[in-house]
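Rendered as structure tokens:
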């Protein structure tokens, strides 16, 4: 496994170092829609239920073998503990990353980047006192909360045509929350259209 | 890059330790947070202690006036880049970030030991391309980091959220818009805006100031620079039912020594800085006579090629300050450099433009002391380089008499915060120090550069009378990568030893030594002039309090997108 990882890293580095970005940057641009489901990991399996997500994406060529992308998706996440005054939470997740298209595993692409999640609780204003509720479970989500983190993903195009493609994304993210980090896996299908 | 590095190394011979890795600061003026080549202790965006290990003396760099700081902001008695009203390059930009550690979904399962709320940073702005030399700009920026620990005390002093955006009571919140004109010989701008600031007094309390409006105009014509600022500042303390207003005009004019002047045997430059205030109601400081003017002259003399002498001298009715140095550049082979120098700072006050009195809790705190300080430092620097590596070092001996300090007579508690009474005073004995720094660098074309730094300092003298006993040593390892000519990774791993605040509480505040790691990842599109950057700050280190009445220095992430025109 270590050898495989080492080979992967060296391969990505050698591919990266060989490129000249100025020739390829934005030579192609794609937009996409994506939908799927996300699953909590670690401690989070006791905190939130699985949830569906939907969003859109923007991908651009960065170098010959590296694409950049921006993803934005929405999901409504329900807490597992019962009896909370918060029914659920609206989550908007933004991601900025790079996909490495290593020839040895083509058409699979491996990507990584940073994620920023904005979250706000869903609750009845008239049923809680926001000042004191801040100390109860879910209470901080009565205000806008954001947290950053990082992610890694695999991107597998299943149908590839000149102007569009359909594919599968599996993305693992870690938010830098406290008292512990929050991890989630999302799996979804996308449809992507080439703009130029 | 090779020649660039050689220049940096040789520059280090003349200016001190070469610059650290290119970590993006969370905002201009906050670069100190990624430095450990000395003692850099951050209490918030508007207050920090910054002292390079080899600087000599016991003062913080931001306490000392110099002509280079004429366009810095005067925050109480310190000069600060932040909040910077320097117009940006033509571009449009957006910045956001956060202190890491909000609970988000952990909130559903965390009933005990719930972490404090983390706070963000926000900025957006533009400067248009120039149209026949004319351009427009606007910027809103505020830094909510470092705000949570003191929030409970600060929010009781003011009657609203005290910011342009949000409810975190940020240490500053600023917005401006304006017009400018730039051509080959003229650079002029006029900006107007609103600003909320929390100043840190010698009493150690946070003082809210609301500028509405603040107006700043600048003109640069050839070697002449002029600045005029108007500030209508509101002061308040809701708990004490106090309100006050200060209308202030300040600015400067400076004739710089140009290229021809610098290359001649004798060069002269000069300028004038000024402040004039009109106070009404309760304002927490006083500028005696309501005005101060500070004329100064800059001299450089190069009698022979290898000897350079520089001096800055300023004087008015109350104070005088001289900063001078003389350096001898020893004959060496091309790739080497060696300098022997002596530096001196003498004067009645480090910052002659600051207010004279602070009013606190029914008492007066004198912000200047009788007598004068004298600092003398001798140093030797060297650097050498081969094709892909370099090495350099600097040793110095210094001695200071009459160093500015604070004579604490009483402390006052306010919830978690501790304030002090007393006066700015002097240490009327010699404090001596010896410093040593060594750096090693390596590089490969444009792709990679690495630098390792280390330094130590030993002080002798009345250490318990010094505001901050500085760190005794540091080590730092930093590297910059430029992959496929457009993806930049800059990072640094550093250790700073213990430092100690001696005079702002009855028991000294020890700031424990720690390791820190900062990193910037930047996707660059040179052809499109587009830049996407993410920066991790204060990773690894404990989230400790680095200044009295400051907030915890937490791990932060800041991302920026900028499109240059």
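Residue numbers (our numbering), protein chains in the order written: chain A, 2 to 197; chain B, -5 to 559. Glycine included, every Cβ here is placed at the ideal spot set by N, Cα and C.
Alpha-carbon to alpha-carbon, residue j and residue i
i, j, result
"residue 322 of chain B", "residue 295 of chain B", "12 Å"
"residue 460 of chain B", "residue 86 of chain A", "53 Å"
"residue 42 of chain A", "residue 51 of chain A", "10 Å"
"residue 139 of chain B", "residue 166 of chain B", "10 Å"
"residue 458 of chain B", "residue 199 of chain B", "22 Å"
"residue 337 of chain B", "residue 318 of chain B", "6 Å"
"residue 570 of chain B", "residue 312 of chain B", "A query on residue 570 of chain B cannot be resolved here, the shown segment of chain B reaching from -5 to 559 and no further."
"residue 498 of chain B", "residue 88 of chain B", "38 Å"
"residue 407 of chain B", "residue 413 of chain B", "6 Å"
"residue 75 of chain A", "residue 141 of chain A", "20 Å"
"residue 170 of chain A", "residue 518 of chain B", "26 Å"
"residue 293 of chain B", "residue 302 of chain B", "11 Å"
"residue 142 of chain B", "residue 250 of chain B", "43 Å"
"residue 568 of chain B", "residue 144 of chain A", "Nothing about residue 568 of chain B can be reported from this structure: the residues present for chain B run from -5 to 559 only."
"residue 530 of chain B", "residue 513 of chain B", "5 Å"
"residue 106 of chain B", "residue 410 of chain B", "22 Å"
"residue 148 of chain B", "residue 195 of chain B", "14 Å"
"residue 222 of chain B", "residue 211 of chain B", "5 Å"
"residue 146 of chain A", "residue 163 of chain A", "41 Å"
"residue 471 of chain B", "residue 130 of chain A", "50 Å"
"residue 390 of chain B", "residue 343 of chain B", "24 Å"
"residue 184 of chain A", "residue 539 of chain B", "29 Å"
"residue 104 of chain B", "residue 180 of chain A", "8 Å"
"residue 90 of chain B", "residue 120 of chain A", "15 Å"
"residue 72 of chain A", "residue 78 of chain A", "18 Å"
"residue 104 of chain A", "residue 116 of chain A", "26 Å"
"residue 151 of chain B", "residue 163 of chain B", "11 Å"
Beta-carbon gap between residue i and residue j smaller than 8 Å
i, j, result
"residue 487 of chain B", "residue 494 of chain B", "no"
"residue 187 of chain A", "residue 176 of chain A", "no"
"residue 123 of chain A", "residue 90 of chain A", "yes"
"residue 415 of chain B", "residue 357 of chain B", "yes"
"residue 535 of chain B", "residue 510 of chain B", "yes"
"residue 465 of chain B", "residue 528 of chain B", "no"
"residue 158 of chain A", "residue 108 of chain A", "yes"
"residue 16 of chain B", "residue 484 of chain B", "yes"
"residue 169 of chain B", "residue 188 of chain B", "yes"
"residue 330 of chain B", "residue 383 of chain B", "no"
"residue 174 of chain B", "residue 431 of chain B", "no"
"residue 345 of chain B", "residue 58 of chain B", "yes"
Delimiting residues of the alpha helix (DSSP H) encompassing residue i
i, result
"residue 254 of chain B", "253 to 257"
"residue 147 of chain B", "142 to 148"
Partners in chain D for residue i, counting only beta-carbon separations shorter than 8 Å
i, result
"residue 49 of chain A", "In the structure shown, chain D cannot be found, because the protein chains are A and B."
Start and end residues, beta strand (DSSP E) containing residue i
i, result
"residue 371 of chain B", "367 to 379"
"residue 399 of chain B", "383 to 408"
"residue 322 of chain B", "314 to 323"
"residue 361 of chain B", "Taken as a continuous stretch (DSSP letters only), residue 361 of chain B belongs to no beta strand (DSSP E), as it is neither H nor E."
"residue 231 of chain B", "218 to 231"
"residue 134 of chain B", "128 to 137"
"residue 168 of chain A", "165 to 176"
"residue 412 of chain B", "411 to 438"
Contact set for residue i: own chain, Cβ-Cβ below 8 Å, skip 5 residues either direction
i, result
"residue 360 of chain B", "350, 351, 417 and 418"
"residue 11 of chain A", "Bear in mind that the predicted position of residue 11 of chain A carries a pLDDT of just 41, short of 50, making it too unreliable to give a figure here."
"residue 368 of chain B", "338, 339, 340, 394, 395 and 396"
"residue 123 of chain B", "84, 129 and 559"
Spatial neighbours of residue i in its chain, beta-carbon cut-off 6 Å, leaving aside the 5 residues before and after
i, result
"residue 220 of chain B", "213 and 247"
"residue 240 of chain B", "227, 271, 273 and 277"
"residue 526 of chain B", "517 and 555"
"residue 541 of chain B", "35 and 37"
"residue 401 of chain B", "416, 417 and 419"
Residues of its chain near residue i, where Cβ-Cβ distance is below 7 Å and the 5 sequence neighbours each way are ignored
i, result
"residue 148 of chain A", "118, 176, 177 and 178"
"residue 75 of chain B", "22, 23 and 66"
"residue 34 of chain A", "57, 191 and 192"
Option in the options with minimal Cα separation from residue i
i, options, result
"residue 125 of chain B", "B/17, B/177, B/254 and B/262", "B/177"
"residue 197 of chain B", "B/543, B/325 and B/93", "B/543"
"residue 475 of chain B", "B/445, B/501, B/441 and B/448", "B/441"
"residue 288 of chain B", "B/35, B/316, B/275 and B/329", "B/316"
"residue 72 of chain B", "B/266, B/445, B/44 and B/304", "B/44"
"residue 548 of chain B", "B/468, B/532 and B/299", "B/532"
"residue 48 of chain A", "A/31, A/32, A/63 and A/139", "A/139"
"residue 423 of chain B", "B/51, B/20, B/31 and B/33", "B/51"
"residue 203 of chain B", "B/224, B/156, B/209 and B/216", "B/156"
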